[in-house]
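1 is the number of the first residue of the sequence shown in the UniProt record's numbering; add one for each residue after it. No residue lacks a Cβ here, since even glycine has one placed at the ideal position from N, Cα and C. Structure, as structure tokens:
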Amino acid sequence: MEDRINNSVLVVGLGRFGSAVATTLDDLGKEVLAVDKDPELVARWSALIPTVQADMTDVMAVEQVGVSEFGSAVVAIGDSVEASVITAGNLLDAGVTDLWAKSVSKEHARILQRIGARHIINAETDAGKRIGHLVSSNYLDYIEIAGPHTVVKAHTPAHVAGMTIADAKVHDRFGIVVVGVKGPGREFEYGANELVMHRNDELILAGPQRQIDRFLAQQ
1 MEDRINNSVL VVGLGRFGSA VATTLDDLGK EVLAVDKDPE LVARWSALIP TVQADMTDVM
61 AVEQVGVSEF GSAVVAIGDS VEASVITAGN LLDAGVTDLW AKSVSKEHAR ILQRIGARHI
121 INAETDAGKR IGHLVSSNYL DYIEIAGPHT VVKAHTPAHV AGMTIADAKV HDRFGIVVVG
181 VKGPGREFEY GANELVMHRN DELILAGPQR QIDRFLAQQ
């Protein structure tokens, strides 16, 4: 019973963000139930994922859905701050502790945080920052972890091409870590000291962004 609860996720809101979250979780093998008050959205997605029509700002609807049976919940409502906050509050009151909620502004995020939402997602801001970093650099991909720390995917810079991670002294010289290497036509390999970094390899780098940029820009 506990394993089933831990593996189950309730997604409230079937807009573009919510439907993407729900279908991705379903593809990953999670037990998902998507909820929306719009019957057209429910009908649209019902053939792909389990869905139910309900207004989760209504406490009675929350009880009928059986929120307590879910290990996590995602509030993906973006068209109404009021509905988002009330829904998040109702889910928290019903016993959901691992609550993810989409915010559309700093004020919205602040309210969600104050009522107890554990994870606040600003999808547009996060996506905008990521694209900005990708456009303005040689990154192939970019994930912000916390503060100045990031995980970046980039091609091997010329100054270390053909060298092992140990010989290049990546950590000692630049204060970053080569998490792994993916070469063309080769499987991903974890960043062992003896691993050679070839010019067309994709490196997964972790550390302060300034240090990663310095490593990639080194001549």
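Secondary structure, beta strand (DSSP E): runs of 3+ residues fully inside the UniProt domain "RCK N-terminal" (9 to 122):
31 to 36, 51 to 53, 72 to 75, 98 to 102, 119 to 121
Can you check whether the CB of Val81 is closer than 8 Å to the CB of His108?
As a first step, residue 108 must be located in the sequence shown, where it is residue number 108. As a first step, residue 81 must be located in the sequence shown, where it is residue number 81. Cβ atoms of His108 and Val81: closer than 8 Å.
Contact check, Ile121 vs Lys102 under 8 Å by CB: the rounded distance?
Start at 1 with the first residue of the sequence shown, and residue 121 comes out as number 121. Start at 1 with the first residue of the sequence shown, and residue 102 comes out as number 102. Ile121 to Lys102, Cβ: 5 Å. Contact.
Looking at the structure shown, is Ile143 part of a helix, part of a strand, or coil, going by DSSP?
Here residue 143 refers to the residue found at position 143 when the sequence shown is read from its first residue. Three-state result, Ile143: strand.
Burial state of residue 223 (16 or more Cβ within 10 Å)
Beyond the ends of the chain as shown, which are 1 and 219, falls residue 223; an answer cannot be given.
Can you list, in chain order, the residues of its chain with a C-beta nearer than 8 Å to that of Val177? Leave out the 5 residues immediately preceding and following it.
Position 177 of the sequence shown holds residue 177. The residues are Val170, His171, Gly191, Leu205, Ala206, Gly207.
Quick one: give me the first and last residue of the alpha helix (DSSP H) that Ile212 is part of.
Locating residue 212 in the sequence shown gives position 212, where the first residue counts as 1. 209 to 217 is the span of the alpha helix (DSSP H), which, as asked, contains Ile212.
Exposed or buried, what is Asn138 when buried is set at 16 or more other beta-carbons lying within 10 Å of its beta-carbon?
Your numbering for residue 138 matches position 138 in the sequence shown. Exposed, because fewer than 16 other Cβ atoms sit within 10 Å of the Cβ of Asn138.
Do you know offhand how far Asn200's Cα is from Ile145's?
Here residue 200 is taken as the residue at index 200 of the sequence shown, counted from 1. Here residue 145 is taken as the residue at index 145 of the sequence shown, counted from 1. Their Cα atoms are separated by approximately 26 Å.
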